[in-house]
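Under the numbering used here, think of the first position of the sequence shown as 8, with each following residue one higher.
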Amino acid sequence: MTTPSYVYGVTRAGTPVPKGLTGLDDKPVELVQGDGVGAIISDLPQGRPLGERADLVAHQKVLNEFLDAAAVVVPFRFGAALSGREAVEKELLAANSDRLGQVLDGLDGRLELRLKGTYVQDSVLREVMEQEPEIAQLSERIRQVPADAADAVYYDRIRLGEMIAQALERRRDHDGRALIDPLAPVAESVVNKPPAREEDVLDAAFLIDRAKREEFESAVDKLGQAHGDRIKLRLVGPLPPYDFVPEA
C-alpha cells in the first residue's frame with residue numbers, strides 16, 4: 008500500500024536534508040529528487056485530520072531548518088499532500104520543474120523579513136485629542152456625564168469610537184509610508200498587507216538579499232528610535248518567503 012506524502016516545499020535537487028530532521032508526527036524528512044528541483048516531504052500522518060497546533064509548528068520547523076542552512080526554498084502552504092512518492096515525482100516535480108526552477112532562481116540568496124508596527128495607544132490618542140478639537144470636545148462631554156446617566160451618552164460613545172477609528176485611519180496611511188519608504192531601497196520587493204487591527208500601523212513583508220540583512224536591520228533600528236514614542240516596531244524573521252511565491 009502506498010503511503011501518502013506530505014509536502015513542505017521545494018528546493019534545489021541535491022540540497023542536503025538537515026541531519027535528523029523530522030516533520031509531522033516526528034516522521035523523517037527526505038528530499039524526493041526531480042530534474043533540478045526536489046520536494047521536501049515526509050509520510051503523511053494517518054488516521055487523523057491535520058490541523059493541530061503541533062502540525063503547524065512541525066511544518067514551520069522543517070522550512071526554518073532549511074532556511075537556517077541557507078537553502079533556497081519555495082514554501083508550500085500548510086496541508087499540501089499527494090498520494091505518494093510517485094505522485095510527487097510525476098505530478099509535482101516532472102510537471103512543474105521549469106516553473107519551480109524559475110521561482111527558486113528568484114528567491115535564491117534572499118530571505119523574507121516581516122515588519123509590524125503598532126500604535127502606542129496613549130501617545131496616539133493624546134495626539135488625536137490635541138490635533139482634532141471635535142473629538143476632544145465630544146470626549147470631554149462624555150466624561151462630564153455622571154456614571155448613573157451613562158445611557159444618555161450611549162450613542163455619543165459609539166460616535167466617539169467611530170471618529171477615533173477614522174482619525175487613526177487617516178494617520179495610518181501616512182505613518183505606514185513613513186516606515187516603508189526608507190526601507191524599500193534596501194529590499195528586493197515589498198508586500199504591504201492590510202492591518203488586521205485598528206491599532207496596527209503596518210504589516211509588511213520584505214524580500215531581502217542575505218548580504219543586506221544587517222543593513223536592513225540597522226535601518227529598522229533607526230526607524231524604531233525615530234518613531235518609538237508613538238509606534239512600536241517588531242521585526243520578525245527570517246521567514247519562509249510565502250509572500251513572494253507566485254500563487255500559480
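Backbone N, C-alpha and C define an ideal beta-carbon position, used for all residues, glycine too.
Contact set for residue i: own chain, Cβ-Cβ below 7 Å, skip 5 residues either direction
i	result
Met136	Ile142, Ala143, Ser146
Arg217	Gly116, Arg117, Leu118
Val69	Tyr15, Leu28, Gly30, Val36, Ile47
Ser130	Asp236, Arg237
Gly231	Leu240
Asp33	none
Glu139	Ala174
Beta-carbon gap between residue i and residue j smaller than 9 Å
i	j	result
Gly16	Val81	yes
Gln128	Glu221	no
His66	Gly124	no
Pro35	Asp75	no
Gly183	Leu214	no
Pro253	Val110	yes
Leu114	Val39	no
Val193	Lys219	yes
Tyr126	Lys239	yes
Thr22	Ala78	yes
Assigned exposure category for residue i - 16 Cβ within 10 Å defines buried
i	result
Ala211	buried
Ile165	exposed
Tyr162	exposed
Pro202	buried
Arg179	buried
Pro52	buried
Val95	buried
Straight-line gap, residue i to residue j (C-alpha atoms, nearest Å)
i	j	result
Ala61	Glu72	16 Å
Val14	Phe83	7 Å
Ser12	Leu167	54 Å
Gly41	Glu98	11 Å
Leu175	Leu57	39 Å
Glu195	Arg106	20 Å
Asp112	Glu93	25 Å
Arg204	Glu134	19 Å
His181	Arg150	30 Å
Same chain, Cβ closer than 8 Å to residue i, five either side skipped, listed in chain order
i	result
Gly43	Arg19, Ala20, Ser104, Gly108
Leu132	Ile171
Glu169	none
Chain-order list of residues whose beta-carbon lies under 6 Å from that of residue i (same chain, five-residue window excluded)
i	result
Thr9	Gly91
Arg241	Lys123
His234	none
Val243	Arg121
Any chain D beta carbon closer than 9 Å to residue i
i	result
Glu119	The chain inventory of the structure shown lacks chain D, comprising one protein chain alone.
On the three-pair Cβ rule with 8 Å, is the stretch 44-58 touching the stretch 182-191? no
Do the stretch 229-249 and the stretch 102-122 meet, that is, are 3 or more Cβ pairs less than 8 Å apart? yes
With contact counted as at least three CB pairs below 8 Å, one residue from each stretch, are the stretch 223-232 and the stretch 83-100 in contact? no
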